[in-house]
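The structure appears right after this line, and notes come after that.
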Amino acid sequence: MKISKIKIKNLFGISEYETDNSSIELSGKNGVGKSSVIDAIRYALTNKSNRDYIVRNGETEGEIIIETDNGLKINRKARTNQADYKSIKKDGREVGSPESFLKDIFTNLQLNPVEFMAMDKNKQNAIILDMIEYEWDVNSIKNWFGEIPAWVSYDQNILGVLNDIQSEKGEYFMDRQNINRDIRNKRAFIEEIGASLPDGYNSDRWENASTAELYKKIETIRHENDLIEKSKAYIEASDNKIRGLEAQKQINISAIEQEFSKTETRRREQISSLEEQLVSAKKELAGLNASKADKIELANKEHELNMIKFNEGLDKCKQYAEKQIIDVSELVKEAEQVEEMKSFINEYKRMLSLEDEVKQMQEDAGALTRKIEKARTLPGEILRTAKLPIKGLTVKDGIPVIKGLPISNLSDGEKLDLCIDVALKKPNGLQIILIDGVEKLAKDMRDNLYKKCKEKGLQFIATRTTDDADLTVIEI
-10 MKISKIKIKN LFGISEYETD NSSIELSGKN GVGKSSVIDA IRYALTNKSN
40 RDYIVRNGET EGEIIIETDN GLKINRKART NQADYKSIKK DGREVGSPES
90 FLKDIFTNLQ LNPVEFMAMD KNKQNAIILD MIEYEWDVNS IKNWFGEIPA
140 WVSYDQNILG VLNDIQSEKG EYFMDRQNIN RDIRNKRAFI EEIGASLPDG
190 YNSDRWENAS TAELYKKIET IRHENDLIEK SKAYIEASDN KIRGLEAQKQ
240 INISAIEQEF SKTETRRREQ ISSLEEQLVS AKKELAGLNA SKADKIELAN
290 KEHELNMIKF NEGLDKCKQY AEKQIIDVSE LVKEAEQVEE MKSFINEYKR
340 MLSLEDEVKQ MQEDAGALTR KIEKARTLPG EILRTAKLPI KGLTVKDGIP
390 VIKGLPISNL SDGEKLDLCI DVALKKPNGL QIILIDGVEK LAKDMRDNLY
440 KKCKEKGLQF IATRTTDDAD LTVIEI
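Just so you know, the sequence shown maps onto residues -10 to 465 in the numbering used here.
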């Protein structure tokens, strides 16, 4: 499909311009309207322009009409006072979804091949990848990865999307790095905790173990041992105790005898000196012996009571004194071991919790790895079924490669050939190429470009800046 007629009126810097199906070169100095022709055609095809003003200064409406040799007619009007107008007809009938229809009959490379050569490699790669025809949408991404990764820009081609998903700067890759780092840290904690635990540590055994009964048993034995030792000591001291009690009795009796002896002496002296009191003193003297006997009897009874109490204590001690002291050192060691083992329980549980976390993190990292690998293998699957714009095109690590070379490694001549090949790749598309600024190319390269377009039947419109004051149209 070739353009048979172009008519431009009041667009950009053009007052009025018309051409047929010829391949032409527009030359002249800056401002004569060369690029305006190219920009007007781009505007007709894309409804877009890089210029701030589309309608020619002083006018209210600008128009471009493009007709092709297969019955397509494009009529687009830009207006300043009302809505823009467009009419896309094929064989006299309006085309459904006109913008989508137009987008399908040309490629961006046809509209700016010279600009393409000057672009950085990232933009060049994006343009080539955008021309790979493969049906996909965000639901495709969700089906592949179970979600729609939020950090990815979806206004690019599918291979660019997949490259961003698997990129080392992507969240999948960075999240996996973070998870693997956490796994290493947690494993170090696990090893540290494991090294601090006794060999063959059984948390279930020690968690349920109780020291209460052990300590109760130890306390009972210690109390009985204390009674045994006290009883033995009591028995060993019994002879001394008896002698002490006997001496106490003799001391008490002696004191009584001394007391009464003094009284008797005093009374006898009183008798001798106080005759008048003789009768009374004799009576008192007669009663002294009875009183003495009563007190001696009382002292003997007190001694008997003390001996009864002592013998009762002695009999009780004999029950324990005959027993052997029980060694509780093993029970104490056992209780201490239980306490020590129980002290490891919290660390042991923390270790088990960390192991569970590591297991979950390994599963998460594995899921991310599968997603990354999916994003890395999908381009190969896509390229096997996608419609490729250029023969020999492959994609490696998200970068388009043509016959083994990335776009950035192609010479300027090879890049121009690439633009021509792409333009010819759509047999039902517009067979035209717009070359704005051919003065940027060496003369032999420019001549070869024109020649190659002519040989392949590709229509072109080129602009070249010269010193001529007027616009010159040269049919090539």
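Positions of the beta carbon are idealized from the N, C-alpha and C atoms, including for glycine.
CA-to-CA distance, residue j to residue i, given in whole angstroms
i, j, result
"glutamate 160", "isoleucine 154", "8 Å"
"aspartate 410", "isoleucine -8", "18 Å"
"serine 38", "glycine 393", "35 Å"
"alanine 201", "methionine 330", "15 Å"
"asparagine 167", "asparagine 174", "11 Å"
"glutamate 403", "glycine 426", "18 Å"
"asparagine 36", "isoleucine 450", "19 Å"
"threonine 96", "valine 150", "20 Å"
"valine 127", "tyrosine 143", "8 Å"
"proline 378", "leucine 372", "11 Å"
"valine 268", "glycine 276", "13 Å"
"serine 156", "asparagine 111", "15 Å"
Contacts around residue i, its chain only, beta-carbon distance under 6 Å, and the 5 residues preceding and following it disregarded
i, result
"lysine 281", "Phe249"
"leucine 216", "Tyr309"
"alanine 67", "Ile43, Val44, Gly51, Asp73"
"isoleucine 231", "none"
"glutamine 7", "According to the sequence as given, residue 7 is glutamate; it is not glutamine. Around glutamate 7: Lys(-4)."
"histidine 292", "Lys238"
"glycine 381", "Ile391, Lys392"
"isoleucine 77", "Ile63, Val84, Pro87"
Closest by C-alpha distance to residue i, when choosing among the options
i, options, result
"arginine 255", "Leu377, Gln237, Leu274", "Leu274"
"glycine 135", "Glu464, Lys360, Thr8, Glu293", "Lys360"
"arginine 170", "Val347, Lys284, Asp459, Ile424", "Val347"
"isoleucine 207", "His292, Glu325, Glu403", "Glu325"
"serine 332", "Ala107, Asn114, Asp193", "Asp193"
"glutamate 362", "Asp386, Ile168, Asp304", "Asp386"
"glutamate 88", "Leu151, Asp41, Ala33, Ser142", "Ala33"
"phenylalanine 178", "Ala458, Met340, Gly22", "Met340"
"alanine 431", "Asp401, Phe299, Lys312", "Asp401"
"glycine 2", "Asp9, Met(-10), Ala29", "Ala29"
"aspartate 41", "Asn64, Asn19, Thr69, Ile53", "Thr69"
"isoleucine 297", "Glu323, Ser227, Leu91, Ile334", "Ser227"
"arginine 365", "Arg82, Arg65, Glu225, Phe162", "Phe162"
Cβ-based neighbour list, residue i, same chain, cut-off 8 Å, excluding 5 preceding and 5 following
i, result
"glycine 47", "none"
"leucine 413", "Gln420, Lys445, Leu447"
Those residues which DSSP pairs with residue i across a bridge
i, result
"aspartate 425", "Thr452"
"isoleucine 94", "Per DSSP, none; premise fails for isoleucine 94."
"threonine 57", "Ile(-8)"
"serine 74", "Strictly speaking, residue 74 in this sequence is tyrosine, with serine absent from that position. Note: tyrosine 74 sits in a beta bridge opposite Lys66."
"valine 44", "Leu0"
"glycine 51", "Ala67"
"arginine 359", "In DSSP, arginine 359 forms no bridge with anything."
"tyrosine 161", "In the DSSP output, where bridge partners are listed per residue, tyrosine 161 has none listed."
"threonine 383", "Val390"
"valine 268", "In the DSSP output, where bridge partners are listed per residue, valine 268 has none listed."
"arginine 476", "Here the chain comprises residues numbered -10 to 465, so residue 476 is not present and cannot be evaluated."
"lysine 376", "Glu122"
"tyrosine 6", "Ile(-3)"
Sub-7 Å separation of residue i and residue j beta-carbons
i, j, result
"threonine 452", "serine 12", "no"
"glutamate 56", "lysine -6", "yes"
"leucine 367", "aspartate 164", "no"
"leucine 234", "asparagine 289", "no"
"alanine 375", "isoleucine 121", "yes"
"leucine 98", "cysteine 408", "yes"
"lysine 221", "isoleucine 245", "no"
"lysine 429", "valine 103", "yes"
"threonine 461", "serine 16", "yes"
"asparagine 101", "aspartate 119", "no"
"isoleucine 117", "glutamate 336", "no"
"proline 389", "asparagine 114", "yes"
"alanine 198", "valine 321", "no"
Contacting residues, own chain, Cβ-Cβ under 7 Å from residue i (five flanking each side not counted)
i, result
"lysine 79", "Gly60, Leu61"
"aspartate 93", "none"
"isoleucine 463", "Ile13, Glu14, Ser16"
Interface flag, residue i vs chain D, CB-CB below 7 Å
i, result
"aspartate 41", "Note that chain D does not occur in the displayed structure, where there is just one protein chain."
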